[in-house]
Amino acid sequence: MKRSKKYLVAAKKLDAGKKYTVAEAAKLLPQVNTSEFAGTVELSVRFRLTDKQKKESVRGTYTLPNRFGKDVKVLLFADPSYDAKNSKADIVGGEELIADVEAGKISFDMVVAMPGMMPKIARLGRTLGSKGLMPNPKNGTVTEDPDAAVEKLKSGQRNYKLDDAGRILAVVATTDMAPEKIEENVRAFAQIIAPEISKFGAHSIKKVTLSPTMGPSIDLNTADFVG
Numbered sequence: 102m103k104r105s106k107k108y109l110v111a112a113k114k115l116d117a118g119k120k121y122t123v124a125e126a127a128k129l130l131p132q133v134n135t136s137e138f139a140g141t142v143e144l145s146v147r148f149r150l151t152d153k154q155k156k157e158s159v160r161g162t163y164t165l166p167n168r169f170g171k172d173v174k175v176l177l178f179a180d181p182s183y184d185a186k187n188s189k190a191d192i193v194g195g196e197e198l199i200a201d202v203e204a205g206k207i208s209f210d211m212v213v214a215m216p217g218m219m220p221k222i223a224r225l226g227r228t229l230g231s232k233g234l235m236p237n238p239k240n241g242t243v244t245e246d247p248d249a250a251v252e253k254l255k256s257g258q259r260n261y262k263l264d265d266a267g268r269i270l271a272v273v274a275t276t277d278m279a280p281e282k283i284e285e286n287v288r289a290f291a292q293i294i295a296p297e298i299s300k301f302g303a304h305s306i307k308k309v310t311l312s313p314t315m316g317p318s319i320d321l322n323t324a325d326f327v328g
């Protein structure tokens, strides 16, 4: 893959083969961001797993101490009995919204559904599932208390899961945040997935990186990341 000149210049700011502490990486992120704008920062934790371990269901939600990014637009599929007057969801409705979602006529970032609506929106599995937006009781987006779920999403709650490549990926910051805040978010996420790391064993971590949307990845010192 041919890299841009900006990318190559940014990559030279990193010492080949060095594993950086979280604090060091947080300070370097703005320097290796090749975009003219502040980009998001992605954390990648790659595990060395057996085929059996890769099939395990590892997923959850996370909310970080330092909020970042745009306001989240939430779509709520509610039961007819739901009082939408005081809802904080941006779009509230029932079956009448299904066709619009399929046709891409409405925009949203996250979806919440009340349990009674799940059989009705099952046909959206392909549309929403491919984007990771299908409501799921495991991450709290299928609930009898939609107001609480919407509030959590609005406060910055995101989802994570172990992908087919044996990685947990998470957006943890933006490149224009103070390094101390980036570090705090990374360490908070490390604590959130600590049970998964403990289950697989710290030795199972193959590689941990922090990277801006546009720019080279920074290799992290695994021991420092785990803490």
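To get our numbering, take the position in the sequence shown, counting from 1, and add 101.
Note that CB positions come from ideal geometry on N, CA and C, so glycine has one too.
Report task. State the CB to CB distance for the pair methionine 215 and tyrosine 183, rounded to an integer number of angstroms; the pair is presumed to be in contact (CB under 8 Å). Result -> Sequence index remark: in the sequence shown, residue 215 carries index 114 (1-based). Sequence index remark: in the sequence shown, residue 183 carries index 82 (1-based). Contact between methionine 215 and tyrosine 183 holds, since their C-beta atoms are separated by about 7 Å, short of 8 Å.
**Report entry** For glycine 170, the nearest candidate out of Ala266, Gly302 and Gly257 (CA to CA)
**Finding:** The residue labelled residue 170 in the question sits at position 69 within the sequence shown. Residue nearest to glycine 170 within the set Ala266, Gly302 and Gly257 is Gly257 (criterion: CA-CA distance).
Methionine 218 to lysine 119, Cα distance in whole Å? What you label residue 218 is simply residue 117 of the sequence shown in a count that begins at 1. What you label residue 119 is simply residue 18 of the sequence shown in a count that begins at 1. Roughly 51 Å separates the two Cα atoms.
- Thinking just about the alpha-carbon of each residue, which of Arg227, Glu197 and Phe290 is nearest to the one in valine 272? Here residue 272 corresponds to residue number 171 of the sequence shown, with the count starting at 1. That would be Phe290, whose Cα lies nearest to the Cα of valine 272.
Would you mind listing the beta strand (DSSP E) stretches within the segment 235-311 that are 3+ residues and don't spill past its ends, in chain order? 259-262 and 268-275
Taking lysine 113 as the reference, which of Lys239, Gly316 and Ala324 has the closest Cα?
The count along the sequence shown starts at 1 and reaches residue 113 at position 12. Distances from the alpha-carbon of lysine 113 to those of Lys239, Gly316 and Ala324 put Gly316 closest.
- prompt: If we count the other Cβ atoms within 10 Å of its Cβ and call it buried at 16 or more, is alanine 207 buried or exposed?
  reply: On the sequence shown, residue 207 is found 106 positions in, with the first residue counted as 1. With the sequence shown as reference, residue 207 is identified as isoleucine, and alanine is not the correct amino acid for it. With fewer than 16 Cβ atoms within 10 Å of its Cβ, isoleucine 207 is classed as exposed.
TODO: With tyrosine 121 as the anchor, note down where its beta strand (DSSP E) starts and where it stops.
DONE: Numbered from its first residue, the sequence shown carries residue 121 at position 20. Per DSSP, tyrosine 121 belongs to no beta strand (DSSP E) and is neither H nor E.
When the Cα of alanine 144 is compared with those of Lys300, Glu285, Gly302 and Phe301, which residue comes out closest?
Locating residue 144 in the sequence shown gives position 43, where the first residue counts as 1. The sequence shown places leucine at residue 144, not alanine. Out of Lys300, Glu285, Gly302 and Phe301, Glu285 has the C-alpha closest to the C-alpha of leucine 144.
request  = Kindly identify the DSSP beta-bridge partner or partners of alanine 214.
outcome  = Within the sequence shown, residue 214 is the residue found at index 113, counting from 1. Paired residues: Phe178 and Val243.
Exercise. Taking the alpha helix (DSSP H) that phenylalanine 326 falls in, what are its first and last residues?
Worked result: As a first step, residue 326 must be located in the sequence shown, where it is residue number 225. Its alpha helix (DSSP H) spans residues 323-327.
- Query: Taking buried to mean at least 16 other C-beta atoms within 10 Å of its own C-beta, is threonine 275 buried or exposed?
  - Reply: Counted from its first residue, the sequence shown places residue 275 at position 174. Threonine 275 comes out buried.
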